[in-house]
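In this note's numbering, the protein residues as written are 6 to 829.
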RNA sequence: GCCCGGGUGGUGGAAUUAGGUCAGACACGGUCGCCUUAAGAGCGACUGCCCUUUGUGGCAUGAGGGUUCGAGUCCCUCCCCGGGUACCA
């Protein structure tokens with residue numbers, strides 16, 4: 006046995022240099038002959054370059070790399086590129102703090118990331134690398150924006166938008182978490198501002214329906230479904246006779262229409278002051294609305310907050326019964342959802358109930374279980390049963406709730422007072438940001454021509470240099486006067502550039518398309534090239550992007566498909582969401598807790614292979630796992646053992662083929678090697694069971710140690726097999742050991758096939774049970790008939806002693822496995 | 001509240017896809033041994049719990065029921081933990 010030591014520091018750089026020099030992982034575009042060799046596009050979410058990569062990145066790329074290697078060696082042309090999501094607030098905030106230009110800090114960080122990806126041995130096609138902040142990339146981001154603008158999918162609108170007072174910019178709904186800015190945690194305010202939106206709501210139905218066509222984790226689909234929030238119901242018109250205006254409301258419960266005893270509008274509703282004007286409540290309404298609009302989004306959103314509101318002094322007509330019901334303004338009604346007004350049905354809605362109690366409004370039950378006409382008002386909306394029927398509902402009374410609902414909607418339709426309707430929770434995507442470090446929006450404002458798109462040939466609109474990035478509620482770009490003042494592309498007169506930049510999620514909504522044709526200067530991509538790679542076959546990243554990035558990217562692809570620019574409906578055919586690596590204390594890593602594990606330190610000490618293998622071995626990759634130094638050492642020990650086998654057996658390269666007709670210990674080793682091939686292959690194919698795959702290779706290595714005297718050809722075969730199987734997880738060591746034994750490059754070798762003859766033994770251990778309890782085990786011949794197995798079991802000592810004195814009721818035989826004797 | 005996950009040794013986890021091999025692979029930690037002047041590294045053995053019957057013994061996969069010859073795995077009820085989301089009418 007060798008007593009030399011495994012030194013990853015000597016092994017790993019050698020392979021890294023070779024892969025870099027030879028461009029081993031580069032793959033050419035070959036749109037001419039799609040299908041000749043099966044393609045596989047393996048992609049990890051691109052990193053946001055900030056400082057140095059952390060342990061989560063190592064996990065992400067170790068996972069993707071294992072899949073990429075496995076696909077390559079199972080006969081696929083694999084596209085596995087890398088880039089950087091380089092625009093964004095953190096770099097800009099850092100610039101404000103340190104005075105370092107965001108471009109400088111970002112480029113520095115990109116260099117660090119690039120260095121570590123090499124050092125980790127990730128098999129990346131570096132010929133396609135880019136950063137989203139490069140003009141050669143954002144030129145096409147702007148181009149896509151113009152395509153959206155041309156089709157009305159990008160538009161400007163004044164709306165009550167979420168504003169972060171700290172970052173001094175507006176935010177998308179998706180970027181507000183519990184009423185706070187997801188970046189800085191400050192309470193978000195509502196402001197009435199004109200902003201740029203992308204019309205993602207036009208795709209709500211397809212974004213929802215097409216979830217059924219993709220292979221994503223169920224919980225991610227569920228989150229997207231919730232976020233899209235499709236509700237079926239009806240729109241019903243209530244007329245305010247005094248002003249002669251019709252107000253529509255959306256309801257999911259048209260069956261409760263007869264129970265509407267009041268009508269409520271959102272404080273932001275444009276008609277609120279008009280309605281109250283001249284009534285005795287005018288001053289009260291002004292006070293109330295002003296107070297509510299000054300509240301933060303969080304205060305406003307608290308669910309347990311008591312219901313408040315003010316009467317408007319007007320009534321509307323309930324279309325089904327002609328009743329005049331009073332109008333109110335109340336902050337529990339949201340302007341952004343539905344029509345900004347609701348009918349109040351206190352008997353069948355918790356919120357309406359609370360409001361009715363606060364305002365002392367009547368509560369009328371209109372849906373009740375059979376045999377009851379009136380349900381206690383405080384319980385009416387909780388207990389719903391299938392056999393409920395309508396009561397106090399005029400001509401619809403006594404109908405069951407389901408057909409009553411349909412009948413009421415049909416009646417409304419006939420009378421022109423309403424119709425069936427579907428509502429979505431999803432809102433349009435607010436994409437403009439009043440910040441510096443982002444992609445400029447390529448439009449100008451001309452006094453004569455109004456809003457004018459920058460012509461394609463003038464792209465990119467370059468981000469100007471500015472001295473001061475400090476956010477002041479308007480974009481820092483506005484200070485670059487030379488840049489802002491331009492000429493109108495249409496009339497040639499003076500014009501001003503748009504000074505807002507785009508949300509960085511725009512940049513990352515199409516980067517996976519650009520990788521396919523990254524060096525194309527004439528277009529964002531060649532459609533044929535795109536068709537040869539898309540969709541991404543396996544996408545890998547954190548769940549934190551379940552809604553934002555993953556929804557936006559799906560929207561972009563659908564919009565681009567409608568323009569005839571791409572040929573797929575979904576960008577990511579399969580998605581894998583990885584769990585986090587937690588600190589050794591089980592908490593999320595953070596510098597304040599002092600539990601941060603830096604990948605650089607681990608790789609320095611134990612090598613990239615050990616770090617990568619450990620992260621994959623510690624548990625199922627979709628689960629969170631706590632970091633453990635001793636666990637890492639255990640994996641390092643395993644790799645050392647494999648290395649020493651290579652050192653011992655690999656003096657002069659030769660055959661590593663499976664030896665013919667092995668017997669004795671050699672047969673045991675050959676069987677174990679084939680078992681490991683079968684197990685690892687199975688764990689990798691479709692599943693992501695890297696932890697058990699690595700465990701299987703460990704078992705194989707342990708077995709080789711157990712039989713030091715076995716025939717050397719069998720030991721060489723088993724060791725080379727272990728190296729070949731471990732290569733996707735520990736590429737340097739796998740390549741090293743395989744080369745020592747065979748003289749060949751393991752990545753050029755096809756993935757091994759298990760020899761079916763070696764997967765089954767001649768005999769097996771027959772489990773003998775009595776009443777379901779194991780009482781004996783005997784050796785039986787593989788493929789023996791049932792009668793034979795039954796006879797063996799009944800004859801076994803353990804079974805005889807438990808059957809003795811009882812009557813055998815029946816005997817269950819599971820061929821190849823067990824016999825269960827049932828006795829009374 | 002609603003929607004997803006998940007509860008298995010001292011620890012991370014395996015077995016859950018089709019119910020079947022005394023449940024616990026692999027690894028960490030622990031105990032002991034070999035080697036060594038010593039330490040380290042390495043190698044090897046043992047390691048779920050219980051027992052005044054140490055036995056081809058009993059118990060055991062969050063709790064309680066059920067289906068079955070047989071349940072960690074399937075069904076019902078409940079408890080606990082994690083994540084997402086929430087005044088969406």
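Yeah, the Cβ is synthetic: ideal placement off N, Cα and C, and Gly gets one too.
{"Query": "Straight-line Cα distance separating residue 147 from residue 447", "Result": "6 Å"}
{"Query": "Backbone CA spacing between residue 159 and residue 212 [nearest angstrom]", "Result": "18 Å"}
{"Query": "Alpha carbon of residue 599 to alpha carbon of residue 607, nearest angstrom", "Result": "16 Å"}
{"Query": "Beta-carbon proximity of residue 441 to residue 107, cut-off 9 Å", "Result": "yes"}
{"Query": "Boundaries of the alpha helix (DSSP H) in which residue 550 is found, first to last residue", "Result": "Element bounds for residue 550: n/a, residue is neither H nor E."}
{"Query": "Beta-bridge pairing of residue 98 - partner residues as DSSP gives them", "Result": "Partner(s): none; residue 98 has no beta bridge."}
{"Query": "With 16 other Cβ atoms within 10 Å as the buried cut-off, status of residue 344", "Result": "buried"}
{"Query": "Contact under 9 Å by Cβ, residue 553 with residue 282", "Result": "no"}
{"Query": "For residue 330: DSSP bridge partner residues", "Result": "321"}
{"Query": "Exposure of residue 329, with buried meaning 16 or more beta-carbon neighbours within 10 Å", "Result": "exposed"}
{"Query": "Reference residue 45; option with closest CA among 710, 676, 544, 753", "Result": "544"}
{"Query": "Between the CA atoms of residue 765 and residue 808 - distance to the nearest angstrom", "Result": "32 Å"}
{"Query": "Simplified DSSP assignment, three categories, for residue 59", "Result": "coil"}
{"Query": "Segment contact flag, the segment 662 to 675 with the segment 704 to 723, C-beta cutoff 8 Å, min 3 pairs", "Result": "yes"}
{"Query": "Burial state of residue 677, where buried means 16 or more other Cβ atoms lie within 10 Å", "Result": "buried"}
{"Query": "Residue 644 classed as buried or exposed, judged by whether at least 16 other C-beta atoms fall within 10 angstroms", "Result": "buried"}
{"Query": "Outcome for residue 699 when other beta-carbon atoms lying within 10 angstroms are tallied against a minimum of 16", "Result": "buried"}
{"Query": "Between the CA atoms of residue 220 and residue 450 - distance to the nearest angstrom", "Result": "44 Å"}
{"Query": "Beta-carbon spacing of residue 203, residue 560 below 9 Å", "Result": "yes"}
{"Query": "C-alpha distance - residue 362 paired with residue 254, whole-angstrom precision", "Result": "22 Å"}
{"Query": "Separation of residue 156 from residue 350, as counted between CA atoms", "Result": "41 Å"}
{"Query": "Helix, strand or coil at residue 612 [DSSP, three-state]", "Result": "coil"}
{"Query": "Distance CB(residue 125)-CB(residue 713) smaller than 9 Å", "Result": "no"}
{"Query": "Proximity to residue 321 [Cα-Cα], best of 248, 200, 372", "Result": "248"}
{"Query": "Which of helix, strand or coil DSSP assigns to residue 368", "Result": "coil"}
{"Query": "Counted within 10 angstroms of its Cβ, other Cβ atoms place residue 199 as buried (16 or more) or exposed", "Result": "exposed"}
{"Query": "Beta-carbon contacts of residue 412 that lie in its chain and below 8 Å, excluding the five residues immediately before and after", "Result": "401, 404"}
{"Query": "For residue 424, the three-state DSSP class (helix, strand or coil)", "Result": "strand"}
{"Query": "One or two residues paired with residue 197 in a DSSP bridge", "Result": "165"}
{"Query": "Contact under 9 Å by Cβ, residue 631 with residue 589", "Result": "yes"}
{"Query": "C-beta atoms of residue 129 and residue 85 nearer than 9 Å", "Result": "yes"}
{"Query": "DSSP state of residue 15 mapped onto helix, strand, coil", "Result": "helix"}
{"Query": "Host alpha helix (DSSP H) of residue 499 (start-end)", "Result": "Unbroken run through residue 499 is the beta strand (DSSP E), 499 to 502; no alpha helix (DSSP H)."}
{"Query": "Residues near residue 430 by beta carbon distance below 6 Å, same chain, minus five either side", "Result": "234"}
{"Query": "Residue 761 beta carbon less than 9 Å from that of residue 729", "Result": "no"}
{"Query": "Rounded C-alpha distance that separates residue 181 from residue 64", "Result": "27 Å"}
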